[in-house]
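Below you'll find the structure, written out as structure tokens, and then a few comments.
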């Protein structure tokens, strides 16, 4: 079967062919000079990606985004700590569920309905009420395609004692994150999203403040495999080109990450973030012009990396996805439990370009018409085209 | 730089990722059992592709399409033979130029203007006038994107003594060719077109009548490397799983061809030809709706594998191609000498799908607007969408 | 730099080229029919690999072998449980260290000196003394290259209440493990060892008895990411071809695992285990014939997947490894803390063949001579050759 | 089936993994800036490979080595020219057979028995006797593994009117060729030999004197596809980064050639030629020590890229090759017609290293013993080891 389909789901994404090819490199020891240099470059480039300097640490672990969530929080907790979890969707809820296994008191501050983000003012009220040791928030919740204003939140949280942990699984390398300027203490992501490498790497960034907290907690409640004390030593050793061993790093995926980061910096971060913004706005405008509604309540909180779209009343999600797939465009179903059969999600991050957006819109139009939804073919595309054209695409 | 561009030129085309990966297979001797089986399957599948049986022979040579043209004719000539070359464009002219190096008398029957095809009635008149030993015709001329009706021509030529040689470089695997039913004696192509494998293989099919002629000529005027007597023995030996050596076959490209043919038969020939027809017609309709003119005088002779489009008067070809390329769609310039800066060509063969057509049309629209051509963005796309939708795409 | 080196370390190993190529497959959703079928086949083949039936469960997680160790034990513990860890080397010690983070009482039964394995009789004595809920043992300790007799141990432990957890990181797919017949409850491994896939997958097998225990513990102390209740549901759903989502499976690595398992079963398990036995014995005989000593006290406990060899007194490990590397053979240094600069380790698992053994032995000979060690070049090779020849290699 | 076999035949050879991976690059137009730069670098590096400057031309054609032979001679002939072909084996004979199709008078000067090379003194005698326009010689004849002293021959021929054409199919990039200093006019090779790229490229180098002759002949007798006038324009255009089109260049194979040349110059030409010399001598010494005879009459004329070895009287070639293959080493049978079942050939060019030589020797020993040939296992290896060690390998 042809592999020439567009994988427009929010991860795994469409990968750069050169990244995929690089995975096939063989005969590479995790302790070799060649790999060590390459890994050191990866660690340095990861810092540049979030605009941080060498006071910050980056950690690359074999594992998925969920592992990154667990590692990024459990290393910083002390018994009976108060933890505030902000939930804008499924992955905020997951963070709360995850932390509830540990000896901390979790307060969950949640949106009223999917498609909203928690108001930063409300968060500040909570911070005033109770002494939280940690605030965790999802930057872009993959389930509802909304984006939290973490810049604003960072400026709020810095006046409190809490570490700010940002789940950037669906945002890092697609949305701008200025970790240092925005006062964020921990950022985490997974490789298969906007950073553009197949599933299997958990990536974490730590601020000096997070490192201080780690000294305090000594990673007492972190799982052994996720103990940052061990991992920081390993990462430092690679950065100093004198590798030590704890658990074997995921050599081939890291080679892929090296290639992907190279391409990211060739494009330039400003260009990259702008591309994600313009393409996503074009797509949202196109979808809305067909009479479809988005989950995101307004454009200010709509993510640049993924869009969640309600289906028309009488169109079945499975039917719709099957029609799309038969036309070589793969979209995801809903994920927010109460409404998950009523909407679909389109990922548009990483190397996605205007051609992918045009193809996806064209395919949505024809699939909807096939399923009896009354639109004029081309109307959504016209809107997309005009927006792209106005923005120089 | 991102490799995620659409290579919409008439060869090399967009290749299937699995075909590209298969090229990397190593450690394969051209005399091994593994390669022998695979090559035998290739030779068999090539026959199925043109709907011929085992009385026909297929030959796979390392070389390009031009080599295939030379091999496919020079093996069949005798001193002072009359040869009739039908030229619908650059590649017909090339065939005449090529044959003029050999001791034959070449008559060239040529279109009056690019975008036409030579009338089969005129060809028959010539056949009546002189005793031709060989008639050569380009099925789809890549330079002007027209398609000759070779079915009709085959039925005419069979009543004469001439062998009918069809240059299928830009048609095989994209346009239907029923070599046996249509009385065609020799078909040739190159790997980098609709058959979907990187440049480097010349492919030739021979009818029983061509094989008889070969006995007569004994390949006297063919270059040594192209001597079909030698190659038929080699191909027979592979088909019988007892390989012999003449010149080393292009192992890795043949592995790629094996994979590509596998995918072609998974799709099914009927589906494949229909896909090419529908997509090309959609594209032509879209382009025309923008006020652009095609080289092809009418739809009956417009190729399904490539389209040639006149640019608006005041738009420069280099500018246009650069705008397209900056949007990740690569199109070709003109090739017909007298007008080559006035038109562009779009290849849409092999694994091309509706998404590629939509993306290309969208990019043409935005590029034209960028260059000041007054159209409504989306108009061409609407036409494409309606046509695709009506035809179940 | 040429990649044509022999990576003779105990993981990552030399991978099959077709496994490496398969990693480059793109555009594959973790929820697609294509991936679902492939993953279901992987899960089934993993069961065949350990000779177990469908009452057993297999789990594939993104992560490394250390994660597999943590997941494979923490799911089965209850507060204040007694846990017996058998340590034959570094990885046994690691298991004890890991478990000491959890609310269980860990007893560590350890070898007196590196190169021994703990006596199964001593283990049984301990089992009689105290009510252990879990016994953990390393099948082959990568640090010292010894193999524990887990068949015998399984028959002992089955009469007690304890679950038997076998760390098969350096053994699965290289050493025979008949999980069901040998009464083993949990087996774990990592992908980059004898199972032949780049780093990044943690693989776990569970017996019905382990599943019963899981019901009891409800995975109370397992990290969230490692909660087998969640993962078993996910794996069951893939086996039933109706995938559900928890954390995104490592698609590309699982594609690689599919290919590797295909090759493993093409070879046949009996052939594969015999190959590992013969090649490792040949290598040990060759090394000993040069006057070098092995860590493994005797051949009965010497692993088939890795060999640990003491260097001659006056030869420096870094010098030796550098000489080897300059000759394109990569070996590992020591890992057992007290002696780690005094020995080197050679991995010979996965697709390693007699050529690799001969090359490695030849390179060891020349490297030693270069460093002044007095041997006759060819002596070790002669021993290797005779043993291989006698065994039909 | 495992691909981890050693392909020790004289082409296709073992390719560098990075070369194989590079073949999979897609979406690359033959007219793109990216490909143009890359091709220009290839053309420049090809010149460096033969130590020539920009007065020389390099041509890269889709085709095999036999095509290169035909192109490299037919471009330079005039009607009734006298041509002298030196035959050291099958490929010299082939050159004569090939030229006999053209209107020239071919004199064949041939060895008395396989394993010899024609004496350069005899060639000079012939040159004195008759006015030859062209002398063609095989540098290393793949069929008998002998190497002609072309440096000496070049110094002889330069005093005559003849162009010296060297068939370097089995030597370029494995044996030193100083084309300019040695007064060689034309060198040709194929990609699948020591230059390290899968089958499909014919490579030709032309001296200023050859270019002058070309002006004279105007390529009158060259096949159209091989007309150097056309190709030189194409190559010049790529070198000037302004590509023109004649026949589509073999994009993906040229990408592979780019990577292979990069690796060749990373190693350094001196290192590379020395490696070939030392490894081949080690191999010959090893084989002889087992009592086997080489075809090459003495070491001075034994090639560094391939060795031809007589089998012991009572050992069947098919049996021997099958035993070798079952041990993952692929060797070639004989090719010289009168004795082709009595010897085997081992290619050792391109990225072949000492490990491959040791493995091949080890496998030859065990295969011979299996077939009843009385040797002491390890004896050949000891000789190989000592020679390698003495030469710093």
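Protein chains in written order, with this note's numbering: chain A, 13 to 405; chain B, 13 to 405; chain C, 13 to 405; chain D, 13 to 405. Where a beta carbon is used, it is the ideal one built from N, C-alpha and C, also for glycine. In this text, all values refer to a predicted model and were calculated from it rather than measured experimentally.
Residue range of the unbroken alpha helix (DSSP H) whose run includes residue i
i, result
"residue 77 of chain B", "77 to 86"
"residue 224 of chain C", "220 to 229"
"residue 41 of chain C", "From DSSP, residue 41 of chain C is part of no alpha helix (DSSP H); its letter is neither H nor E."
"residue 128 of chain C", "Careful: residue 128 of chain C lies outside any alpha helix (DSSP H) and carries neither H nor E."
"residue 160 of chain B", "Neither: residue 160 of chain B is in no alpha helix (DSSP H) and is coded neither H nor E."
Where residue i meets chain B, residues with beta-carbon distance less than 7 Å
i, result
"residue 19 of chain D", "39 and 41"
"residue 78 of chain D", "237 and 259"
Cβ-based burial, residue i [other Cβ within 10 Å; buried from 16]
i, result
"residue 402 of chain D", "exposed"
"residue 216 of chain A", "buried"
"residue 48 of chain A", "buried"
First and last residue of the uninterrupted beta strand (DSSP E) at residue i
i, result
"residue 327 of chain D", "First-last for residue 327 of chain D: undefined, no H or E at that position."
"residue 254 of chain C", "Note, residue 254 of chain C: premise wrong, no beta strand (DSSP E); not H, not E."
"residue 71 of chain A", "69 to 74"
"residue 148 of chain C", "146 to 150"
"residue 176 of chain B", "175 to 179"
Contact set between residue i and chain A, taken where Cβ atoms lie within less than 9 Å
i, result
"residue 366 of chain B", "339, 340, 371, 374, 375 and 378"
Contact list for residue i against chain C, beta-carbon separation under 8 Å
i, result
"residue 394 of chain D", "388, 389, 390, 391, 393 and 394"
DSSP beta-bridge partners of residue i
i, result
"residue 99 of chain D", "D/122"
"residue 94 of chain B", "B/117"
"residue 357 of chain C", "C/320 and C/344"
"residue 214 of chain B", "B/73 and B/202"
"residue 306 of chain C", "C/321"
Beta-carbon neighbours of residue i, restricted to chain B and to distances below 9 Å
i, result
"residue 33 of chain C", "33, 34, 36 and 37"
Cβ shell of residue i (< 7 Å), same chain only, five flanking positions each side left out
i, result
"residue 374 of chain B", "393"
"residue 271 of chain A", "30, 31 and 34"
Listed by chain order, chain A residues near residue i by CB distance under 7 Å
i, result
"residue 29 of chain D", "38"
"residue 235 of chain C", "82 and 235"
Closer than 7 Å at the beta carbon, the chain D residues around residue i
i, result
"residue 208 of chain B", "Within 7 Å Cβ-Cβ: nothing; residue 208 of chain B doesn't reach chain D, min ~11 Å."
"residue 398 of chain B", "Under the 7 Å cutoff, chain D gives no residues; its nearest Cβ is about 29 Å from residue 398 of chain B."
Partners in chain D for residue i, counting only beta-carbon separations shorter than 9 Å
i, result
"residue 361 of chain C", "Correct list: empty, because the minimum Cβ distance to chain D is about 13 Å."
Same chain, Cβ closer than 6 Å to residue i, neighbours up to 5 away in sequence not counted
i, result
"residue 58 of chain D", "70"
"residue 144 of chain A", "94, 96 and 174"
"residue 170 of chain A", "195"
"residue 75 of chain A", "214"
"residue 82 of chain D", "110"
"residue 302 of chain A", "387 and 392"
"residue 147 of chain B", "96, 169, 174 and 176"
Proximity test, Cβ basis, 8 Å: residue i and chain F
i, result
"residue 343 of chain B", "In the displayed structure, chain F is absent; the protein chains listed are A, B, C and D."
Spatial neighbours of residue i in its chain, beta-carbon cut-off 8 Å, leaving aside the 5 residues before and after
i, result
"residue 55 of chain C", "70, 72, 247, 250 and 251"
"residue 105 of chain C", "99, 120 and 122"
"residue 321 of chain A", "299, 304, 305, 306, 307, 355, 356, 357 and 358"
Partner residues on chain C for residue i, Cβ-Cβ distance less than 7 Å
i, result
"residue 278 of chain D", "13"
Proximal residues of chain A, C-beta to C-beta of residue i below 8 Å
i, result
"residue 204 of chain B", "What residue 204 of chain B touches in chain A: nothing, since even the nearest Cβ is about 17 Å away."
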